[in-house]
Amino acid sequence: MPQTPNGSMLLGYRNVSPFNSAGKLGWTSTACPPVILVAPALALAPSVFAHDWGGETLTITNLSVATVTPISVSAYGPGLGSPPILLPVGPPGVQLALAEAAQGATTGGCMQLGFRQSSGDTAVFGIIGGPVNADGTNVYVIALNSSAGETGPDTGKPAPLGYFATTSGNSWSYELNWPSGLVYIVYFGAATVVAGDAQALTAGVKTADQNPTITLIRL
34 MPQTPNGSML LGYRNVSPFN SAGKLGWTST ACPPVILVAP ALALAPSVFA HDWGGETLTI
94 TNLSVATVTP ISVSAYGPGL GSPPILLPVG PPGVQLALAE AAQGATTGGC MQLGFRQSSG
154 DTAVFGIIGG PVNADGTNVY VIALNSSAGE TGPDTGKPAP LGYFATTSGN SWSYELNWPS
214 GLVYIVYFGA ATVVAGDAQA LTAGVKTADQ NPTITLIRL
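See below:
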């Protein structure tokens, strides 16, 4: 990638080998030593890594031991990948398929971003938008129907490493007071929490009636 955004993006990657052969990627940017990302065998959907490469060049190399271990790689964020669908302000919101993104506009003042996954399956979302937070990024990874339970803001329990918040319920909302701008959401399906900087979120396949609903409303 000749130039990354000067801000955070989400990198999705999946081992597409038909064999039970684990893979790994190495990414480098400028003079950084390679950072290893594990690509599990027989995965049904991407693992995800959130990072700010600061507008630098990004090089990704397949370092898998087995020679026949192809790994697909996609970048997610505003202006990257397939065009997102429009997320309008107000109900009923939009449904997202696996690895599909939506983008809407915050208009200043109090708003609420809502997520619902009625099937009971774990649902992981990446959110990009708003001002830079305490960790120097504006990326938020959240999970519904999560075995981690209630974690994150206003719960008294820190979220698992790599996550902003999780809930054991099938819905979650986030009240925001951001300046006018864009908010970008991508859906990564079911996931398990893996400790480490690489947020390995192994997703499952969903049918159309299981797709989650996203809403953006004014308060």
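Here the sequence shown stands for residues 34 to 252, numbered as in my numbering.
Ideal Cβ placement from N, Cα and C applies to all residues, glycine included.
When the beta-carbon positions are compared, THR199 and GLY182 come within less than 8 Å of each other. Non-local C-beta neighbours of LEU91 in its own chain, meaning closer than 7 Å and more than five positions away in sequence, comprise MET34, THR37, TRP60, SER62, ordered along the chain. CA-to-CA, the gap between GLY123 and THR94 works out to about 43 Å. In the DSSP secondary-structure assignment, VAL101 is not bridged to any residue. By the 16-neighbour rule on beta-carbons within 10 angstroms, ALA135 is buried. Distance check between ARG149 and each of ALA132, GLY142, LEU177, ASP168 places LEU177 closest, using alpha-carbon atoms only. By the Cβ criterion, the segment 106 to 126 is in contact with the segment 210 to 220, since at least three pairs of Cβ atoms, one from each stretch, lie closer than 8 Å.
The beta-bridge partner set that DSSP reports for LEU70 consists of LEU58.
In the three-state DSSP reduction, GLN243 falls in the helix class (H, G or I). MET144 sits in a strand when the DSSP states are folded into three classes.
In the displayed model, ALA138 falls within a strand according to three-state DSSP. A straight-line Cα-Cα distance of about 32 Å links ALA108 and LEU252.
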